[in-house]
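Chemist: Under the numbering used here, the sequence shown has 51 at position 32, and the numbering climbs by one with no breaks.
Idealized CB from N, CA, C, for every residue including glycine.
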Amino acid sequence: MILFPFSLFLFKAWKAFDIIESFLGFNVETVEYKNISFTVWDVGGQDKIRPLWRHYFQNTQGLIFVVDSNDRERVGEAREELMRMLAEDELRDAVLLVFANKQDLPNAMNAAEVTDKLGLHTLRNRSWYIQVRVQ
20 MILFPFSLFL FKAWKAFDII ESFLGFNVET VEYKNISFTV WDVGGQDKIR PLWRHYFQNT
80 QGLIFVVDSN DRERVGEARE ELMRMLAEDE LRDAVLLVFA NKQDLPNAMN AAEVTDKLGL
140 HTLRNRSWYI QVRVQ
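Have a look at this one:
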């Protein structure tokens, strides 16, 4: 990854940048589930897009970070980006969900290894969860 292959930012309801969506390749969708409505921002992980991420942090309540669990060479880079994001003041209260995908590949790191490589146990005063998935 890095934000392998993409990252989702969950927002309360901030759609000010809908116009930018098609220009930059960001996908925005509002999801409703059991009287809850939230906006999902799917932002790319390419190097040139990463500096723009911080403009989407305002009012973020949850962060879904997708990591390629088969990419052992870049998991350190993923950790650096994740820690950089989590250090942002606007994300101080955001709950973290890590999706470790590509679990069907023979060299994929399991949930414990991804947890270790991303340094999730070092996070203090933050709720976090990890979920493995195939794909």
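Go ahead and pull the three-state DSSP assignment for residue 138.
Modeler: If DSSP states are grouped into helix, strand and coil, residue 138 belongs with coil.
Chemist: Pull up the distance between the alpha-carbon of residue 82 and that of residue 125, whole angstroms please.
Modeler: 28 angstroms
Chemist: What whole-angstrom Cβ distance do residue 110 and residue 102 have, given they're in contact under 8 angstroms?
Modeler: Wrong, their Cβ atoms sit about 11 angstroms apart, outside the cutoff.
Chemist: When you compare the CB positions of residue 117 and residue 149, do they come within less than 7 angstroms of one another, or not?
Modeler: yes
Chemist: Please classify residue 152: is it buried, with 16 or more other beta-carbons within 10 angstroms of its beta-carbon, or exposed?
Modeler: With fewer than 16 other Cβ atoms within 10 Å, it is exposed.
Chemist: From the DSSP secondary-structure annotation, give me the bridge partner or partners of residue 120.
Modeler: 87
Chemist: Return the CA-CA distance between residue 54 and residue 80, expressed in angstroms with no decimal places.
Modeler: Residue 54 and residue 80 have their C-alpha atoms spaced approximately 17 angstroms apart.
Chemist: Could you tell me the alpha carbon to alpha carbon distance between residue 92 and residue 145, rounded to whole angstroms?
Modeler: Answer to the nearest angstrom: the Cα atoms are 27 angstroms apart.
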